[in-house]
Every structure is written in C-alpha cells, then in structure tokens.
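Q: What follows is a structure written as structure tokens; I'll ask about it next.
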DNA sequence: CCTTGTTTTAAACAAATGTTATAGCGGATT
DNA sequence: AATCCGCTATAACATTTGTTTAAAACAAGG
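Residue numbers (the working numbering), protein chains in the order written: chain A, 20 to 227; chain B, 20 to 227.
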C-alpha cells in the first residue's frame, strides 16, 4: 500500500479544508475548492473521508485537539504551587495566544477559531459531541482555577458565571473584529498588542 | 395598482426572510423556503427584491433599523440630567433587552441578533455600509456616555476600549449560547434572568 | 513479470437552487 | 366594456455541487 502518499493527500485535504472552511463556512465552501488547494482530485474527499460532512467533522476534531496548545502551555507555564492569581494569568495568556497568534498564512485570527466562531453562529450537528468531548474539559480546567481563586466549590453558580465571563472576554476581540476592522478611523488590531490585551483581561478579571 | 397586496407580500417576504436567514444563514437559506413561509410564489423574491442577495441586504437594513429600540428606550428611560451611572445603566438595560427579549416566535435569541452574529462569523459584502450607517452611531452613543463617565475625551484610547468591552459583554451570552445550551448538567438560559444579567454587566462595568 | 490491493483520475450523474420567461388574474381607469 | 398595469403562478433553464462509477496508474509481493 502507498502509505506515504496516503497520509500525504489525506493530510493535505484536511489542512486545505481547515483553510477553506474557515474562510467561507461549511455551506459556501466547495469540495472542489478544497481539492484544488490540496492539489488533489475532486473525488479525493469522498475517497478519503466519505463525504464533505465527514471531512468537516474531521476538521472539527482536528481543530479542538488539545495537543496543539501544549507548546503554548509550556511557554507560559508557572509552577503548580504558584499563587492562584499567577496560574489564572498563565491560563488566560496561553489561550489568548492560542486564539490570536497567527499560524502563518492568514491576516486574521487563527483558522481554527474562525471555525469555532461559525459554529457559535450556526451550530452544526457535530457541535453536541464537540462540547462533550473537548470544550467541557476546557471549561473544567478554568472552573477549577476560578473555584480556587474565589474559595467556593466549582459547582457554585458564581464560579460558572465568572468562568464563562473570562472565557467570553478572550473571544470578544475575535467576535467584534469584523466591526472594528471597518471602523474609521481605523483602530489597531488586537494581534499587535497581544500582551496588552492579556493584561487587560487579567486585571479586569481579578478585579471582578 | 394592488397596493395592499403589494406591501403585504413584500412585507411577508421580508419577515420570512429574517426568520429563515436567522435560522440557516444566507447560504443555506433557500428562496423557496422563504417563499413558502411567506405563502408566496417562488418568483416573488426576484420580483419584489430583484435577487436573493438584495433581499438579504433589505433584511440587514431592516435588522439594524434603530426605530425598533424606541419602545425599549422609553421603557428604561431616565432623565437627561440623571447621573452618568444611571444613564449608562439605562443604556445597557435597553440593549440587553433588545438583544435577548423574545419577539414571540423562537426559543432562542432574537432573529436579528442571530443574523448579526452570523455577520461577525462570516461577513458579507453588505457589512461595510452597515457598520458605517448603523453600527458606528450605536457605538458613538456609548462612547459619549463612557467618555463622560471616565472624564476623558471620547477619542481617548481608554474610552474606545471600555466601550468595546461593554458592548462585547452584552453579546457574550448570545455568543456562548450554543455551548452553554449543550452543557450538562444544563444551565439556565440568560433569557430567564435578564435583570440579573443586566445588573451583572452594569456592576462589572462600573467597577472596571 | 504477473497479480493484487490501493490510490488517483476523468467523466458523468442527479439533485438542488437562483433566476427567468410567459401566461393569467384582478382591480382601476377611461 | 375595453384596456392597462401591477402582481401572481407555472414551468422551465442554466449552473453549481456533492457524489459515484469505472478505468487507469501505481506500489508491493510472490
């Protein structure tokens, strides 16, 4: 079996799909465009993934794979016995970089999070399993930190609200980017001041 | 000329379009479904609006028409010479109700803001004029309030950031609803505690 | 070198969909 | 009553698009 070619075209399809889906959304993205970007045949998607929908499911799986944050998590790592404030700050910094750091090809925010945003606007049937398998564990980590910080159990209502508030704050520039980019006079983008934004979220959070 | 029928089917098409676009997005929405909901013919869209795209443009115009907030603005009105905190609170309360108050047909947030969210996820060409004509004036009102509250000129960087932060906070439950709705155990929706959420945003804002 | 299993390719298909052409209908005007 | 005009209805068209089919290319094993 042609193993090398196998994983190559399949991988190429996946990466191309991430880009095209992020740019156009599921419905507007065509498998022809994806295949063209991946330099593969039109039938490649159906051969390797079965259908356009399954390819999208694979993209979602790949998108919310936790291993991609490992590098960033190391970069902002603090000791496990550091004060809660510091660990909370590290958490925020890590994810802000994860969301807004360019991965090299596009001028806007990371493709993965563009897809995430589209799932929030028009959820697909895959979102159910996505929340259960990936996102809820994300939220669990944050809840633990907030719980420790506030000194109340993780199931407390206040912890849930605060965690969601922190989580939301990190997405706000991503959400509003289409508007802020069209403001005149133009405003600087978040990406150019990532540290400042992180500090802003952190101080705002610890104060509230 | 058949005036009554004229405006009726045109209006019915517009309202149906709002609902269908809000539910499925521009691309996935079909003019056949819109016409069916409006109890009109398939050709009605092209006759009255020229094209599906122009219909969508009309929907956007209708969506961000400011007159719809008039009723709410009166409901939460405070005197013009009231303290800035009160006017800011009124502003926040008004828009939170505007965003999350059901208009009677759907279980989720208002259709107009669902469309807004989709525009943030995958902006259409119409967004440019939309920001200039409607949204920027929205933002201007808020900036004036924040400027007065902080005691710095409206062009100051801090005012911009704070205004955007307030604006974003109001949208956060809308943005995260697809996730929170899928959490288990289920969490109560924002709509059921609108006042509490408004108070939360207000206190959080005035503190920061 | 032939066979076998896997991948790629080109062509075609079937369904969906925005749009249009054309005829029909109803009320208003003359 | 005849005509005109705006609106509606039916059918069809052209294009796009996901998917399939069948053949060819290819790599590996015997």
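Beta carbons are placed, not taken as given, at the ideal position from N, Cα and C, and that holds for glycine.
Does residue 126(B) come within less than 8 Å of chain A when only Cβ atoms are used?
A: Per-residue confidence for residue 126(B) stands at a pLDDT of 38, beneath the threshold of 50, marking its modelled position as unreliable; the derived number appears in the next sentence. Judged by the 8 Å Cβ criterion, residue 126(B) is not in contact with chain A.
Q: Span of the alpha helix (DSSP H) holding residue 104(A)?
A: Taken as a continuous stretch (DSSP letters only), the alpha helix (DSSP H) holding residue 104(A) covers 103-119.
Q: When you compare the region 130-139 of chain B with the region 161-171 of chain A, are there three or more beta-carbon pairs, one atom per stretch, that lie closer than 8 Å?
A: The region 130-139 of chain B is not in contact with the region 161-171 of chain A.
Q: Count the other C-beta atoms from every protein chain shown that fall within 10 angstroms of the C-beta of residue 28(A), then say buried if there are 16 or more, exposed otherwise.
A: It counts as buried.
Q: Could you give the distance in angstroms between the alpha-carbon of residue 92(B) and the alpha-carbon of residue 157(B)?
A: Roughly 13 Å between the two C-alpha positions.
Q: When you compare only the Cα positions, how much space is there between residue 34(A) and residue 99(A)?
A: The straight-line gap from Cα to Cα measures roughly 35 Å.
Q: Taking only beta-carbon atoms, is residue 211(B) less than 8 Å away from chain A?
A: Not closer than 8 Å to any Cβ of chain A, the Cβ of residue 211(B) fails to qualify, so no.
Q: Would you kindly work out how many angstroms separate the C-alpha atoms of residue 125(B) and residue 94(B), rounded to a whole number?
A: Summary for residue 125(B): the model assigns pLDDT 42, below 50, so the residue's position carries little reliability, and this model does not support an answer.
Q: If you follow the alpha helix (DSSP H) that residue 155(A) is in, where does it begin and where does it stop?
A: Where residue 155(A) is concerned, the enclosing alpha helix (DSSP H) stretches over 155-169.
Q: Leaving aside the five residues before and after residue 146(A) along the sequence, list all residues of the same chain whose C-beta is less than 6 Å from its C-beta, in chain order.
A: These residues qualify, in order along the chain: 138.
Q: Between which residues of its own chain and residue 39(B) is the CB-CB distance below 7 Å, once the five residues before and five after are set aside?
A: Around residue 39(B): 48, 52, 53, 56.
Q: Would you identify the three-state DSSP class for residue 50(B), choosing helix, strand or coil?
A: Looking at residue 50(B) - three-state DSSP - the assignment turns out to be helix.
Q: Going by C-alpha to C-alpha distance, which of 75(B), 177(B), 148(B) sits closest to residue 162(B)?
A: Measuring from the Cα of residue 162(B), the nearest candidate turns out to be 177(B).
Q: Against residue 44(B), what residues of chain A qualify as contacts under a CB-to-CB distance less than 8 Å, listed in chain order?
A: Residues of chain A passing the Cβ test: 44, 46, 140, 141.
Q: Is there a Cβ from chain B that is less than 8 Å from the Cβ of residue 187(A)?
A: At least one chain B Cβ lies under 8 Å of residue 187(A).
Q: 8 Å is my cut-off, CB to CB: does residue 21(A) come that close to chain B?
A: Low per-residue confidence applies at residue 21(A): pLDDT is 44, beneath 50, and the placement is therefore not dependable, though the value from the model is reported in the following sentence. No, no contact with chain B.
Q: Between the region 151-163 of chain A and chain B, which residues of the former have CB atoms less than 9 Å from a CB of the latter, in chain order?
A: Taking 9 Å as the Cβ-Cβ cut-off against chain B, the residues of the region 151-163 of chain A that qualify are 151, 154, 155, 158.
Q: Leaving aside the five residues before and after residue 235(A) along the sequence, list all residues of the same chain whose C-beta is less than 8 Å from its C-beta, in chain order.
A: The shown model of chain A, from 20 to 227, leaves out residue 235(A), and the question about it has no answer.
Q: Just the chain A side, please: which residues come within less than 9 Å of residue 191(B) by C-beta, in chain order?
A: The contacting residues are 183, 184, 186, 187, 188, 190, 191, 194.
Q: How many Å lie between residue 187(B) and residue 150(A) at the Cα?
A: Taking the straight line joining both Cα atoms gives about 23 Å.
Q: Quick one: what's got a C-beta closer than 8 Å to residue 63(A)'s C-beta in the same chain, skipping five residues either side?
A: Only 28, 32, 54, 57 meet the Cβ criterion.
Q: Can you give me the C-alpha to C-alpha distance between residue 142(A) and residue 46(B), rounded to a whole angstrom?
A: Each residue's alpha carbon lies about 14 Å from the other.
Q: Would a C-beta distance cut-off of 8 Å place residue 115(B) and residue 213(B) closer than the cut-off?
A: In this structure, residue 213(B) lies closer than 8 Å to residue 115(B) by Cβ.
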